[in-house]
Amino acid sequence: MKWLVLGLVAVASLALAVVLGPTHVPWSALASSDIIRSLRLPRAVLAFLVGGALGLSGASLQALVRNPLADPLLLGLSGGAGLGAVLAIAFHLGGVWALPLAAFAGALMAMALVYRLGLAGDVEPDPRVLILAGVAVGAFSGALTTAIVSVASAAELRNAFLWLWGGLSGASWDAVLVVAVYLPLPALALLAAARPLDLLALGEEPARYLGADVAPLKRRVFVAASLLTAVAVAVSGVIGFVGLIVPHAMRRVFGHQHRALLPAAFLGGGILLVLADTVARVAIAPRELPVGIVTALIGVPLFALLVRRWTTS
Amino acid sequence: MRILLVLLAACGTGDHGGRAAATTPAHRIVSLSPAVTELLFALGAGDRVVGRTTWCDYPPAAQRVPTVGDGLAPDLEAVVAARPDLVVLYPSALNEAAAAKLRSLGIAAILLPQDRLEDLARAAQVLGRVTGREPAGDSLAAAIARVVATPAPGPGIRAALIAWDNPPMVIGGGSYLDQLATLAGARNVFHDLGSADVVSLETIAVRDPDVIVVLADSGATGPPAFARRASWQVIRAVRERHFVTLRGSLFGRPSPRAPEAIAAFRRLLEAAR
Chain A
54 MKWLVLGLVA
64 VASLALAVVL
74 GPTHVPWSAL
84 ASSDIIRSLR
94 LPRAVLAFLV
104 GGALGLSGAS
114 LQALVRNPLA
124 DPLLLGLSGG
134 AGLGAVLAIA
144 FHLGGVWALP
154 LAAFAGALMA
164 MALVYRLGLA
174 GDVEPDPRVL
184 ILAGVAVGAF
194 SGALTTAIVS
204 VASAAELRNA
214 FLWLWGGLSG
224 ASWDAVLVVA
234 VYLPLPALAL
244 LAAARPLDLL
254 ALGEEPARYL
264 GADVAPLKRR
274 VFVAASLLTA
284 VAVAVSGVIG
294 FVGLIVPHAM
304 RRVFGHQHRA
314 LLPAAFLGGG
324 ILLVLADTVA
334 RVAIAPRELP
344 VGIVTALIGV
354 PLFALLVRRW
364 TTS
Chain C
20 MRILLVLLAA
30 CGTGDHGGRA
40 AATTPAHRIV
50 SLSPAVTELL
60 FALGAGDRVV
70 GRTTWCDYPP
80 AAQRVPTVGD
90 GLAPDLEAVV
100 AARPDLVVLY
110 PSALNEAAAA
120 KLRSLGIAAI
130 LLPQDRLEDL
140 ARAAQVLGRV
150 TGREPAGDSL
160 AAAIARVVAT
170 PAPGPGIRAA
180 LIAWDNPPMV
190 IGGGSYLDQL
200 ATLAGARNVF
210 HDLGSADVVS
220 LETIAVRDPD
230 VIVVLADSGA
240 TGPPAFARRA
250 SWQVIRAVRE
260 RHFVTLRGSL
270 FGRPSPRAPE
280 AIAAFRRLLE
290 AAR
């Protein structure tokens, strides 16, 4: 029943995104309209896949670092992915298919750095220090990205910077294809790790006693979550907070078991980003808001609430 | 805006900021805007310009003047090192702070709006006065005013002025390029928007311009890169390859060369239709 509702909401949000837009398309013309076929439909599908990737990535990262505040943006993954993508463009390696890989390399570097900082002498990283390290690495990646763009004079690089914050306005069927090719492997890898992630949520020591192969599991989840984030960043720039809010909302309905939580986070992330992007497109039409602004407007208050609950408990 | 008017009035009546400039003609001028540099050279005061921005590339003689930075956030040390008796700036928040600082150092500084050709006519008058070339300033102002008052022939080609492609950003009614397009006989389909706004591709498609106008860096040739992207093909003018590419500094800023810019723009529009 819960799954049916979630599925119906997903379909409804996609339908809404296709029907609503800054311009009026009459019902009779919906099927034949170029605007629907080559603009709204690919954009809605892309928003769904990107939101799903971020939701799934966020849910697995929260289990992995055992911190409810984990999110691809706050852990520095998105910033690292953005830096990787901009570097690739600076060195003229930025084809549509290469960009996600460059972003992936950047995300992995950021993740490794965050983990080194998070360890801080102990064998097991402190979940709180990990978030601090993530914010620091994210800010550092952002500064490097800005520095590269400021130094470079090439118009395409300035374009890259705007693209980084541009959200989904560059959506096309090509971008959908790129995501559809890169997304399944890391998504399936995470879904397959659902059981061990349940154990890991208890802590690394207990998980080890209960038979989880902790080190390889962590590596696998890190790599998969980084790739998901990288693909999202490569097609739509840095969009924050989807990976933070969605897992929490889904945990309330679907519980803490990752076998249900992970697919629910994927669907929920898709729904949230499709709706946020619809708001971005129509709220101040004919002008458009960056979708990252909309997700931040929803995400930051919720983040504040989570921090309060987490620090008081 | 009110502050600017006060400042303009001030340098006219000769008190406060414009004092030195108004009583004795300025002899060492730092111009922190390309339009002002062009105006000063057009007034025959080019030999008194002792500092310019890296953007001040016209007339060619201006390129022999030493630069004091890119002018966006004025490099006050470089400006003061040029020992100016007058600094002319564009009224932005950073520049207003810089002007106040310069005045506290005893250097006259004036802020001149230059967003549209009307502003430029007024700026020509003010600069004529502060350089002791009032007749030249007044006649240049009158010439610019005539250009503004000359209506474009014909019904107007519907145009979208694209400032950026991802996210798509269009130039609206508040900007100089909109005015230039109007004077050249085009009708900006986004005249109702601000100076530069992000819009959806479908909004451009529905407003259905006859031509797409882009400002290009001087190096680029041919239609813009976005013309090849699949999603842009929903726009009829893109499908039909009706592009007008404006190159170089002639179109990018209001200048005494406006008549030349309008004529060139008009020819390009006719060719693209």
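Line by line, the protein sequences give chains A and C.
The opening position of the first sequence corresponds to residue 54 in this note's numbering, with each subsequent residue numbered one higher.
The opening position of the second sequence corresponds to residue 20 in this note's numbering, with each subsequent residue numbered one higher.
For every residue, glycine included, the Cβ atom is placed at its ideal position computed from N, Cα and C.
Have a look at Ala245 of chain A and Ser222 of chain A and give me their C-alpha separation to the nearest angstrom. 33 Å
Same chain, Cβ closer than 8 Å to Gly264 of chain A, neighbours up to 5 away in sequence not counted: Leu252
Measure the C-alpha to C-alpha separation of Leu67 of chain A and Val103 of chain A and round it to an integer number of angstroms. 13 Å
Pro187 of chain C in three-state terms, based on DSSP: strand
Which residues of the stretch 90-101 of chain A have a Cβ closer than 8 Å to any Cβ of chain C? Give them in chain order. Ser91, Leu92, Arg93 and Pro95
Which chain A residues sit within Cβ distance under 9 Å of Arg248 of chain C? Gly223, Ser225 and Asp227
Examine the Cβ distances between the stretch 84-93 of chain A and the stretch 294-313 of chain A and report whether three or more of them are shorter than 8 Å. no
Inter-stretch contact (C-beta, 8 Å, three-pair minimum) for the stretch 173-186 of chain C and the stretch 140-159 of chain C: no
Contact check, Leu126 of chain A vs Thr198 of chain A, beta carbons under 9 Å: no
Mind reading off the beta-carbon distance from Pro75 of chain A to Pro343 of chain A? Whole number of angstroms is fine, and I expect it under 8 Å. Going by Cβ atoms, the distance from Pro75 of chain A to Pro343 of chain A rounds to 15 Å, so no, they are not a contact pair.
DSSP bridge partner residues for Val49 of chain C (one or two, in chain order): C:Gly70 and C:Val106
Inter-residue spacing [alpha-carbon to alpha-carbon] between Ala41 of chain A and Phe294 of chain A: Here chain A comprises residues numbered 54 to 366, so residue 41 of chain A is not present and cannot be evaluated.
Inter-residue spacing [alpha-carbon to alpha-carbon] between Ser194 of chain C and Leu326 of chain A: 34 Å
Could you give the distance in angstroms between the alpha-carbon of Val233 of chain C and the alpha-carbon of Ser214 of chain C? 15 Å
Applying the 10 Å Cβ sphere with the 16-neighbour rule, what's the burial state of Met188 of chain C? buried
Report yes or no: do the stretch 282-292 of chain A and the stretch 136-155 of chain A share at least 3 C-beta pairs separated by less than 8 Å? yes
Just verifying my parser: in three-state terms, what is the DSSP assignment at Leu243 of chain A? helix
Where does Thr86 of chain C sit, in a helix, a strand or coil, going by DSSP? strand
Interface partners of Glu221 of chain C on chain A, CB under 8 Å: Gly74, Pro75, Thr76, Ile88, Leu92 and Arg93
Write down every uninterrupted run of the beta strand (DSSP E) in the stretch 86-164 of chain C whose length is 3 residues or greater and which is fully enclosed by it, in chain order. 105-108 and 127-130
Mapping DSSP to helix, strand and coil, what is Leu264 of chain C? A small fix is needed here, since residue 264 of chain C is Thr in this sequence, not Leu. Reduced to three states, the DSSP call for Thr264 of chain C is strand.
Contact criterion: CB-CB distance below 9 Å. Does Val263 of chain C meet it with respect to chain A? no
Determine whether the beta carbon atoms of Ala228 of chain A and Leu59 of chain A lie at a separation below 9 Å. no
Is Ile337 of chain A buried or exposed, if buried means 16 or more other CB atoms sit within 10 Å of its CB? exposed
Met164 of chain A to Pro121 of chain A, Cα distance in whole Å? 17 Å
With a Cβ-Cβ cutoff of 9 Å, do Ala54 of chain C and Leu139 of chain C count as a contact? yes
For the putative contact between Ile231 of chain C and Ala179 of chain C, defined by C-beta atoms under 8 Å, what is the C-beta separation to the nearest angstrom? 6 Å
Relative to the C-alpha of Val347 of chain A, which residue among A:Val78, A:Val332, A:Ala106 and A:Val204 is closest? A:Val332
Using a Cβ distance threshold of 8 Å, determine whether the stretch 348-366 of chain A contacts the stretch 67-81 of chain C, with at least three qualifying pairs required. no
Can you give me the C-alpha to C-alpha distance between Arg102 of chain C and Leu172 of chain A, rounded to a whole angstrom? 57 Å
Do three or more CB pairs link the stretch 141-151 of chain A to the stretch 306-317 of chain A at distances below 8 Å? no
So, is the C-beta of Leu342 of chain A closer than 9 Å to a C-beta in chain C? yes
Could you tell me which of C:Leu130, C:Leu113, C:Ser111 and C:Leu95 sits nearest to Leu121 of chain C, measuring between CA atoms? C:Leu95
If the cut-off is 9 Å on Cβ atoms, which residues from the stretch 259-292 of chain A count as contacting chain C, listed in chain order? none
Who are the near neighbours of Ser225 of chain A in its chain, counting only those whose CB is closer than 6 Å to its CB and skipping five residues on each side? Pro95
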